[in-house]
Amino acid sequence: MDTFLFSNNDDDDLFSNTFDQSFLPPSFADPGDSLYLVSFRWWKEAASGGMVADEMNGVCGVLYNATVQLNGHDGDEVIEGFGDSEILVGMRREEEVGISGEEGEYGGEGDLALVSEWMFFTALKWHYDKKGMENSLPGEDSAHDLFSLQIRLMYLRETRQLVIKISQKDNGHGVFSKAYSVFFTKLSMLQVWDFSGQTNQFFLKESLSSVDFTGPHEEILLELHVYGLPCSINEKERSVEYVTAEQPRINGPSSSSALMMNGSVDKLNMFSRVPPSSAACTALNGTGALGLTGLYNLGNTCFMNSAVQCLVHTPKLVDYFLGNFRKDLNYENPLGMNGKLAITFGDLLRKLWAPGATPVAPRMFKSTISSFAPQFSGYNQHDSQEFLSFLLDGLHEDLNRVKRKPYIQAKEENGRPDEEVADEYWENHLSRNDSVIVDLCQGQYRSSLVCPICKKLSVTFDPFMYLSLPLPSSKLRKMALTVLSTDGTNSPHPVTVTVPHNGTLEDLVDALGIACSLRDDETLLIAEIYNNSILQTLDNPNDSIDLIRDYDKLVAYRLPKDKDGCPLVEFTNQQEEKSYFHSFPPYKKFDIPLVARISDFSKGSEIYKEFLKLIRPYLLSSEEFLIDDASRKSIHEDEETEDTVSDEAVNSKNESENDLDPHSDFEFYMESAIYPGGFKIQMDEPVPIPKGDQRIKVRVSWSEKLIQDYDTPVLSQLPEVCKAAFTSNWNQDSISLYKCVDAFLKEEPLGPDDMWYCPNCKERRQACKKLDLWRLPEILVIHLKRFSYTRFLKNKLETLVDFPVEDFDLSSYLPQKNSKDCHRYMLYAISNHYGGMGGGHYTAFSKQRFNEWYEFDDSHVYPVTEEQIKTQAAYVLFYKRV
């Protein structure tokens with residue numbers, strides 16, 4: 001970013017920007033085009049080698065003969081390196097030449113070129129694409145170095161010369177050493193070619209007599225980026241001092257009389273000093289990997305990072321934003337964002353493509369997005385496709401070359417050929433929308449509506465930015481449930497069944513009955529389990545199984561038919577936890593709840609007996625402590641003689657029973673609105689049944705000893721409904737991307753809430769709609785509709801989509817008359833989403849040169865193979881025309 005400091009001439013900016021920032025918030029600032037100093041040969045090779053000829057058309061360079069001098073502060077001897085030294089570069093304007101002229105014959109081996117930021121990145125990308133970074137610089141020993149240099153500029157009107165002052169105080173020793181190496185590399189006159197047009201500002205304003213450029217403080221401080229220039233000095237040059245006697249020595253900081261140049265003298269005094277440190281000349285690491293730069297996660301911004309990484313690796317879009325995209329900024333478009341979105345995106349893209357770049361924090365980009373789209377403010381997770389849609393539309397409006405959109409009224413087709421109507425629609429669209437986004441990303445499809453009554457046909461041709469393709473699921477759905485018996489005969493076991501995808505709960509119950517060999521005297525109760533309790537029972541046979549999500553956990557209880565009218569009792573298991581922070585023992589729930597239908601609540605012992613029957617299959621000991629008929633008879637006899645038995649005898653009998661039945665440690669608590677803390681059930685007392693409850697909830701307290709006596713881990717194994725789908729192989733569960741295109745183009749009736757007004761019937765009709773592809777863009781973005789939304793729930797489809805990588809051929813989907821264009825595409829980027837509706841994570845895959853794939857996981861970048869990019873997480877696919 002250029003930094004301009006003016007002492008007296010703030011209203012007369014020598015490097016004035018055409019972008020009025022008065023309307024911008026304080027958080028936004030246009031970074032502008034920075035200045036870069038590069039090798040003239042490197043620049044000329046790109047400029048004359050076919051580098052975006054249209055952008056370079058009309059670019060002129062100004063030749064300067066430069067003389068260099070090294071000064072110590074106030075003429076004192078420099079001690080320990082450079083001390084307080086300054087490098088003074090006097091630049092005398094010679095001539096102006098066109099970039100396509102014969103200036104190459106004048107350019108020497110060590111000449112330098114001053115270019116603007118977009119010129120630098122365009123040349124850099126040209127070298128990167130043409131030869132690769134390893135051969136992009138002149139000379140085998142040239143370092144791939146990029147560093148920033150603070151310089152001070154001053155214009156001397158009398159001699160029409162510029163003076164560049166590079167002070168060690170402004171830069172530090174390391175950067176100053178690099179600057180020394182750049183400007184003291186040759187014996188002859190140094191030539192600098194300015195193609196940025198910035199130095200012309202001095203000469204254009206020299207007629208302004210009110211501006212005093214020779215004042216003591218009239219200096220411009222700016223940041224100059226130096227790239228690819230040698231960081232080594234010939235040993236012979238280091239030991240020689242070049243002194244020109246005719247030119248007076250220049251000492252100290254600039255003042256009104258410190259720098260005086262005679263027009264007849266071309267050289268300044270140059271004094272060689274201690275050579276710079278070799279460590280300071282080391283090239284930046286990783287400069288050969290352009291574009292492989294991560295983005296920091298600012299807090300749930302992985303959705304943004306994923307979409308941005310796909311766009312900043314989109315061919316031609318990268319070249320456009322690395323180039324002079326500011327010429328297309330539209331500040332007047334009321335549908336745009338005053339150019340701010342395009343500026344911040346272009347600045348972010350250049351940071352990601354800078355040589356030797358480290359991970360970037362996109363704070364300014366996110367702030368700009370949030371200021372225009374409040375839905376993306378804050379740090380909540382969002383959908384990458386929705387963000388991508390907003391970003392592409394915003395970039396289009398900011399870069400729309402149409403300043404005033406004409407009003408155009410659509411014409412009826414009136415039996416005209418589709419080709420004529422389609423071209424007319426497209427021309428009307430381009431008359432209002434003309435940007436790089438339209439050039440690359442927008443296509444056209446044919447939309448037809450047919451009235452079901454009068455058969456009226458209406459045809460329109462609409463533009464599209466991306467295709468949202470449905471995922472045609474299989475006609476059958478695999479579901480995994482856990483089956484529990486309630487008669488104490490079997491342990492829980494998982495069962496996988498196949499049901500119609502649009503089936504009902506009745507279909508699921510029928511399939512389960514066959515899979516688990518359900519007897520005629522049994523029935524099934526399906527319940528959803530959450531937090532070791534029954535969340536809800538699925539007892540309406542007409543409900544759709546779409547209400548069951550893939551990550552739900554379901555249990556099917558086998559219940560006797562003869563007790564259908566009896567209350568349903570749900571036993572939830574709890575264990576005491578040790579805690580030192582409560583006045584009462586805390587409990588935690590564990591394992592699957594058990595259920596039974598109980599008809600007798602006259603005594604708590606009936607509930608106790610039913611529970612013992614339910615947990616019989618999990619008893620580890622060979623002994624069974626069940627109450628047999630003799631015991632029951634004895635209990636009744638005891639009840640009859642209860643009034644005649646002394647209290648002492650009763651207590652003695654109870655102690656004896658406790659010794660014989662260790663399972664009496666179970667404690668049962670009734671849960672209801674009346675007893676929120678739980679009502680303890682007594683074995684010899686009636687159980688109060690709450691009225692109006694659909695099911696009776698009983699909490700069973702387990703001691704540590706009881707947990708050791710039973711195989712409780714068996715009750716904790718509860719798979720998700722979709723477990724069977726994840727264990728299937730690719731060939732069984734994957735669908736082709738072509739099938740998704742077929743589903744998108746399939747004719748279907750409009751919904752009841754989206755009726756079409758038939759102009760012939762003068763009524764709203766549920767017409768049939770058909771889409772056809774008509775015109776395909778250079779960059780084809782495909783959104784896979786993984787997230788489904790119904791009235792009751794949201795769900796994500798984990799369907800594996802088998803998408804082509806090298807050859808995605810859509811020729812058969814377009815009319816033969818439009819076959820003149822190529823309709824074959826190659827995959828180059830993917831936005832991935834891992835996880836479900838409640839949360840997840842976004843990453844991106846991108847294809848680099850030489851068919852190398854990389855994964856962009858926020859700030860981390862990893863190489864991957866082509867086999868690794870096909871996953872269930874693929875969400876948005878990016879194709880480019882072959």
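Under the UniProt record's numbering, think of the first position of the sequence shown as 1, with each following residue one higher. Heads up, the beta-carbon is just placed ideally off N, CA and C, and yes, glycines get one too. Predicted model only: the values in this text are computed from it and were never measured.
What residues match up with residue i in a beta bridge as DSSP calls it?
{"i": "residue 824", "result": "809"}
{"i": "residue 701", "result": "574 and 667"}
{"i": "residue 954", "result": "Nothing about residue 954 can be read from this structure; the chain reaches only from 1 to 882."}
{"i": "residue 151", "result": "222"}
{"i": "residue 112", "result": "39 and 192"}
{"i": "residue 484", "result": "557"}
{"i": "residue 891", "result": "Since the first residue shown for the chain is 1 and the last is 882, residue 891 is missing from the structure and cannot be characterised."}
{"i": "residue 782", "result": "467 and 877"}
Taking DSSP as the reference, what is the three-state secondary structure of residue i?
{"i": "residue 804", "result": "coil"}
{"i": "residue 696", "result": "strand"}
{"i": "residue 772", "result": "strand"}
{"i": "residue 598", "result": "coil"}
{"i": "residue 93", "result": "strand"}
{"i": "residue 71", "result": "strand"}
{"i": "residue 396", "result": "helix"}
{"i": "residue 722", "result": "coil"}
{"i": "residue 360", "result": "strand"}
{"i": "residue 332", "result": "coil"}
{"i": "residue 443", "result": "strand"}
{"i": "residue 479", "result": "strand"}
{"i": "residue 759", "result": "coil"}
{"i": "residue 748", "result": "strand"}
{"i": "residue 118", "result": "helix"}
{"i": "residue 795", "result": "strand"}
{"i": "residue 551", "result": "coil"}
{"i": "residue 617", "result": "helix"}
{"i": "residue 367", "result": "helix"}
{"i": "residue 60", "result": "strand"}
{"i": "residue 870", "result": "coil"}
{"i": "residue 652", "result": "Bear in mind that the predicted position of residue 652 carries a pLDDT of just 43, short of 50, making it unreliable; the figure below should be weighed with that in mind. Helix."}
Below 8 angstroms on the Cβ atoms is my contact criterion, and I expect residue i with residue j to pass it. Report the Cβ-Cβ distance as a whole number of Å.
{"i": "residue 487", "j": "residue 523", "result": "Incorrect: roughly 13 angstroms between the Cβ atoms, too far for contact."}
{"i": "residue 839", "j": "residue 150", "result": "At roughly 46 angstroms, the Cβ-Cβ gap does not stay under 8 angstroms, so residue 839 and residue 150 are not in contact."}
{"i": "residue 612", "j": "residue 710", "result": "Not really, about 11 angstroms apart at Cβ, beyond 8 angstroms."}
{"i": "residue 196", "j": "residue 35", "result": "6 angstroms"}
{"i": "residue 413", "j": "residue 421", "result": "5 angstroms"}
{"i": "residue 504", "j": "residue 542", "result": "6 angstroms"}
Between which two residues does the alpha helix (DSSP H) holding residue i run?
{"i": "residue 471", "result": "Premise fails: residue 471 is in no alpha helix (DSSP H) and is neither H nor E."}
{"i": "residue 318", "result": "317-322"}
{"i": "residue 691", "result": "From DSSP, residue 691 is part of no alpha helix (DSSP H); its letter is neither H nor E."}
{"i": "residue 296", "result": "Counting along the chain, residue 296 falls outside any alpha helix (DSSP H), and DSSP gives it neither H nor E."}
{"i": "residue 511", "result": "505-515"}
{"i": "residue 175", "result": "173-183"}
{"i": "residue 344", "result": "340-352"}
{"i": "residue 311", "result": "302-311"}
I need the boundaries of the beta strand (DSSP E) containing residue i, first residue and last residue.
{"i": "residue 764", "result": "763-765"}
{"i": "residue 527", "result": "522-530"}
{"i": "residue 161", "result": "161-167"}
{"i": "residue 424", "result": "Run containing residue 424: none in the beta strand (DSSP E); it sits in the alpha helix (DSSP H), 418-432."}
{"i": "residue 710", "result": "No beta strand (DSSP E) holds residue 710; DSSP gives it neither H nor E."}
{"i": "residue 881", "result": "874-881"}
{"i": "residue 840", "result": "840-847"}
{"i": "residue 862", "result": "860-864"}
Should residue i be labelled buried (16 or more other beta-carbon atoms within 10 Å of its own) or exposed?
{"i": "residue 864", "result": "exposed"}
{"i": "residue 415", "result": "exposed"}
{"i": "residue 755", "result": "exposed"}
{"i": "residue 600", "result": "exposed"}
{"i": "residue 442", "result": "buried"}
{"i": "residue 748", "result": "exposed"}
{"i": "residue 809", "result": "exposed"}
{"i": "residue 875", "result": "buried"}
{"i": "residue 127", "result": "buried"}
{"i": "residue 835", "result": "exposed"}
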